[in-house]
Structure formats: C-alpha cells, structure tokens
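Contents: one structure, followed by commentary.
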Amino acid sequence: MNNASTADIKREFTKSILGMTGIAIIIGLIIISVVAVITIPASTFQEWNNPEKWLTYPKTSIPIWVNYFMPEKTPEHKILESQISQSRSDNVFLTSQQFFVNFEFDDFPSDFVYEFETEYSNSYLISLSLLRPDGLEINLITTSLPFSENQSLYKQRIFSTDEMIKKNIIMEPDIFAFDIYNKGVTDIIFSDISENKVLKGEYVFTVNMYGLESQSKIIDSRIILGGKAFGLMGTDELRRDLAVGLLWGTPLALFIGVSVAIGSVVVGLIYGVYSGYKGKKIDEGMMRFNDVIYALPALPFLIILAVTISNSIFLMVGFLMIFSWVGIAKVSRSMSLQIKTKQYVEAAKIMGQTDRNIIFRHIIPQLLPYAFASIAISVPAAITTEAGLSFLGLGDPTFPTWGQILHDAHTYGAAAQGLWWWIIPPGLLIAVTGLAFVFIGNALDAIVNPKLKR
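Residues 1403 to 1856, numbered by our numbering, are exactly what the sequence shown covers, in order.
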C-alpha cells in the first residue's frame, strides 16, 4: 500500500460514524484495562476463587449507586478503619481506637463485627462502646484477653450476636421506650429512643484496651458494619466484589479477542496467499486440507479439547486460532489468484525475485486493508466463543472472565433470585465490546469494498 491509499483510508474512516464510535468504545475499554492492571493487584484475581479473600464482604449485595434511585436508602456494608492513640497512667497502658461512621440510611444494619489482631503479654482488658448521635453512650461489652506470659499474637472477633452484648443492653431497659427484648442488637443501638426507627447521624465505636506493665501492639483492627449494598457493582453469592471481576475481565477479553484475531488472520492470510500463488497441485493439496479443517464442528471439538487436554486460557486461545483461520485463507487465496496475474508481479518474476519476496513484498501488502477489517470482525467471535465455553463451565476458573462470571451466576441461580447486577453487567460488556469491533470492521470493509457503500 502506498501512502496515498493509506491517507485515503484514514480520511474515509474518520467520516464513518460507526467506525469512530467503535474506536471510542475501544479506547474506553483500553483505559479501563490500564486502570485495572495498575490499581488492582495481580494477587486479587489470582485469589478470585479463594473464599478467605472475601470473608469481610457481604453476600449478594446490590451496588451502592442503586440508593440514588430508591425512595428508601438501603444500608451500605462498611469496613471501618480506626484512629489509634496510646497513653500511660502509672503502670496502666491504654490503647484507644475510634471508628467513625455517618449512618444516613432508612434501615438498620444487619450486624457488626469487631475483629482485631494484637501482640501483648500478661493480662489485657478490652471494652467496646458506642457513642450515638443523640449523645447517648452504650457500653456493648467488656472482656479480658487470655493471660500470656510472653509477648504473643492473638486474634479475635466480637460479633453483635454475642449474648453478652445483648445482656448489657437489656440491663438498662428504661433507656428505650419500646420493647427491646425481641429486637436484634443493631435494631436497638441504631434506633431512636422513643420509637424503633433508625436514628441517623454520626456514630463512634470506641475500643479501649487496658494492660499492666506491658504495652500492646495493634497489628490489625477494624469494624465491619453489615449492610445490603456494597461497591460499584455489588457482590455475588461467594461475597466477591463484582467490580474487581468486571475490571479484570476487560483486559482478559481484549487479550483473548485480539490474540485470536491477529493469529488467525496472519496464518490464514499467509496460507491462502501462498496457496493461490503457487497454484496447481500445491494449491489443490493445501485447499483440501483447508476444507477438512473447515468441515470440523468447532464448538464440539473445543469442548472435547477443553475437557481432555486443559481448560487453560492460553491453550484456549491456541484452540480458537486453529478453527479461525480457514475462512480467511479461502478469501485471501481468491485475492491472490487475481493479484499474481498483475504486470508488476510478472515483472518481479522476470527480475528473478524469489517467491518469498514476491508474496511478502508485492501480494500481501495489497491485502492489508482486508486483513485489518478481518481482524476487527474476528475479535467479537473469539470473545463470545470464550464466553460461551466459560458459561458451560469449560473455561479457566482461575481467571475472572466475563463468561466465568456469567457461569457462576447461572450456577447459583442469580436469575431466579433477581440478582440482576450479577448478570446484566458482564453480558452488556460482552455485547458492547463485540459491537465496537463489528463497527470498525464494517467501516473498514465498506472502504475496502466500495460496492458495500451502495
């Protein structure tokens, strides 16, 4: 291709609304991919199927932005970090932590958990209290840590369902004007005094740890305030943050689609051009082999290969390439049969140029516009095929691809439970990504094939 034809193609492409729309969508997907790779550690998606990674997250919670469209705000699931201060009076060491939360929702939190990891020796006393927006302070629990002669690590979780917390609240029944005996702990401590409705405002959880002769060291400490809304895209049945899976699924989808498309187009282009250029028996033999591959049912073979060999995402890319190049080879062969009769090709033969030089310098460059259009059109096929295999449970479970997310949603009955945030976003992303490449492919095809403009 000469520079003039390249400039013409660029000029024509910029006039295509569909083509430029496709480019804009792909730029957006690339930006999302870069953000995902930079901001989300690789260990996160490697632990996608590790339940311990997601224990602090809620189960099947809606996205937090849904609250903007609901008449009543659903309580958000919050993970509160503390502000730690330490002091000493005589031989008593005090480690104090405060957890602030502005609660402005129309329903009570489901529960709360205080979990901590500390290093201490001797005896330590720990107390947990809550300061409400109305100034009332409620002592939730006071307990001691196990005695330890030497400095040692200790982990513990204090749940709102602890009987001791409920007993401490019931000991002062005159505070609340409603019956608190049949209420949960969070339904009481987050309630207005006069009636059992949510008291909105800022709450402060205070944790004090008292020790003699030795100072404790807080290694990890947080309060998990249970809610029914979490994150930008909600969570699934396994408590996984779906935003993480959708973000990491973007570069994976582009990797699968672009790798398969480029690989299959390059192989099919070279194979078809060489077959058409050589002609005669070589052409006949190569095309019969092409017909054999073309006649194989791709999806059943991909299923068999995934089950018998491996469902690795990298092997899947290779399998998809095997079944994707044959159609491109047929078209490029027919183009090669026309181009090899041109005068400049005959002149190159007379000048003694090798077949390799003629193919790569004079024939294939003429097919590059078709190759680019074929790459753009082949990407959605690769992405949807991978998504289909993953949906059938034959994908690589170690990677959070969009198809794998849909497979998990189907496995846990997300549609029957109305968990739309688990189904619609990955399906929509697959559709939009495929549509973007189809727009680009059709725009290039119309430029390369002037007949399509009519």
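All residues carry an ideal CB built from backbone N, CA and C; glycine is no exception.
As the structure is a prediction and not an experimental result, all values here were calculated from the model.
Evaluate contact between the segment 1573-1586 and the segment 1475-1482, counting only Cβ atoms and requiring at least three cross-stretch pairs below 8 Å.
no
Residues near Asp1589 by beta carbon distance below 6 Å, same chain, minus five either side
Here residue 1589 corresponds to residue number 187 of the sequence shown, with the count starting at 1. Here the set comprises Phe1510.
Chain-order list of residues whose beta-carbon lies under 6 Å from that of Tyr1673 (same chain, five-residue window excluded):
Residue numbering aside, residue 1673 sits at position 271 when the sequence shown is read from its first letter. Within the same chain, Tyr1673 has close Cβ partners Ala1731.
Can you check whether the CB of Ser1738 is closer than 8 Å to the CB of Ile1695?
In the sequence shown, the residue the question calls residue 1695 occupies position 293. In the sequence shown, the residue the question calls residue 1738 occupies position 336. Contact flag unset, no.
Roughly how far, in whole angstroms, is the beta-carbon of Ser1463 from the beta-carbon of Gly1586, given that I think they are within contact range, below 8 Å?
Sequence index remark: in the sequence shown, residue 1463 carries index 61 (1-based). Sequence index remark: in the sequence shown, residue 1586 carries index 184 (1-based). No, Ser1463 and Gly1586 are not in contact; Cβ-Cβ is about 18 Å, not under 8 Å.
State the beta-bridge partners of Ala1631 as determined by DSSP.
Counting from one through the sequence shown, the residue named residue 1631 turns up at place 229. Paired residue(s): Ile1464, Glu1478.
Between Ile1434 and Thr1652, how many whole angstroms is the CB-CB distance? I'm expecting something under 8 Å.
As a first step, residue 1434 is located in the sequence shown; it is residue number 32 there, counting from the start. As a first step, residue 1652 is located in the sequence shown; it is residue number 250 there, counting from the start. Going by Cβ atoms, the distance from Ile1434 to Thr1652 rounds to 5 Å, so yes, they are a contact pair.
From the DSSP output, which residues share a beta bridge with Met1611?
The residue given as residue 1611 occupies position 209 in the sequence shown. Thr1497, Ile1528.
Which residues mark the beginning and the end of the beta strand (DSSP E) in which Ser1550 is found?
By one-based count along the sequence shown, residue 1550 stands at place 148. Unbroken beta strand (DSSP E) run through Ser1550: 1539-1561.
Expressed to the nearest angstrom, what Euclidean distance is found between the alpha-carbon atoms of Gly1628 and Ser1562?
Along the sequence shown, one-based indexing puts residue 1628 at 226. Along the sequence shown, one-based indexing puts residue 1562 at 160. Cα to Cα, Gly1628 sits roughly 10 Å from Ser1562.
Grouping DSSP H, G and I as helix and E and B as strand, with all else coil, what is Gln1485?
Taking the first residue of the sequence shown as 1, we reach residue 1485 at position 83. Note: Gln1485 maps to strand in three-state DSSP.
Just verifying my parser: in three-state terms, what is the DSSP assignment at Lys1619?
Position 217 of the sequence shown, counted from the first residue, corresponds to residue 1619. Looking at Lys1619 - three-state DSSP - the assignment turns out to be strand.
Does Pro1511 come within less than 8 Å of chain B when only Cβ atoms are used?
Chain labels in this structure do not include chain B; a single protein chain is all it has.
Could you tell me whether the Cβ atoms of Gln1488 and Glu1521 are closer together than 8 Å?
Translated into the one-based positions of the sequence shown, residue 1488 becomes position 86. Translated into the one-based positions of the sequence shown, residue 1521 becomes position 119. No, they are not a contact pair.
If you draw a straight line from the C-alpha of Phe1447 to the C-alpha of Leu1821, how long is it?
On the sequence shown, residue 1447 is found 45 positions in, with the first residue counted as 1. On the sequence shown, residue 1821 is found 419 positions in, with the first residue counted as 1. Near 22 Å, if we compare the C-alpha coordinates of Leu1821 and Phe1447.
For the alpha helix (DSSP H) holding Asp1685, just list the boundary residues, first then last.
The residue given as residue 1685 occupies position 283 in the sequence shown. Counting along the chain, the alpha helix (DSSP H) containing Asp1685 begins and ends at 1682-1697.
Answer with buried or exposed for Tyr1526, where buried requires no fewer than 16 other C-beta atoms within 10 angstroms of its C-beta.
Reading the sequence shown from its first residue, position 124 is the one you call residue 1526. By the neighbour-count rule (16 or more Cβ atoms within 10 Å), Tyr1526 is buried.
Alpha helix (DSSP H) containing His1812: first to last residue?
Numbered from its first residue, the sequence shown carries residue 1812 at position 410. His1812 -> alpha helix (DSSP H) spans 1804-1813.
At least three beta-carbon pairs within less than 8 Å, the segment 1780-1796 to the segment 1829-1845
yes
Local conformation of Asp1594 per DSSP, three classes:
Here residue 1594 corresponds to residue number 192 of the sequence shown, with the count starting at 1. Coil, per DSSP.
For Asp1643, which beta-bridge partners are listed by DSSP?
Locating residue 1643 in the sequence shown gives position 241, where the first residue counts as 1. Answer is Thr1637, bridged to Asp1643.
Give the single residue among Thr1544, Ile1849, Ile1428, Trp1456 whose Cα lies nearest to the Cα of Arg1641.
As a position in the sequence shown, residue 1641 is number 239, starting the count at 1. Per the Cα distances, Trp1456.
Helix, strand or coil at Leu1739 according to DSSP, with G and I counted as helix:
Here residue 1739 corresponds to residue number 337 of the sequence shown, with the count starting at 1. Looking at Leu1739 - three-state DSSP - the assignment turns out to be helix.
How many Å lie between Gly1815 and Ser1712 at the Cα?
Numbered from its first residue, the sequence shown carries residue 1815 at position 413. Numbered from its first residue, the sequence shown carries residue 1712 at position 310. Looking at the two C-alpha atoms, the distance is approximately 27 Å.
Got a sec: does the ligand SAH put a non-hydrogen atom nearer than 7 Å to the Cβ of Glu1454?
The model on display carries no ligand, and the ligand SAH is accordingly not part of it.
Flag this pair as yes or no: are the beta carbons of Leu1654 and Phe1801 separated by less than 8 Å?
Along the sequence shown, read from residue 1 onward, the residue named residue 1654 stands at position 252. Along the sequence shown, read from residue 1 onward, the residue named residue 1801 stands at position 399. Taking 8 Å as the Cβ cut-off, Leu1654 and Phe1801 qualify as a contacting pair.
Whole-angstrom C-beta distance between Phe1793 and His1812, which should lie under 8 Å
The sequence position of residue 1812 within the sequence shown is 410, counting from 1. The sequence position of residue 1793 within the sequence shown is 391, counting from 1. Right, their Cβ atoms sit about 7 Å apart.
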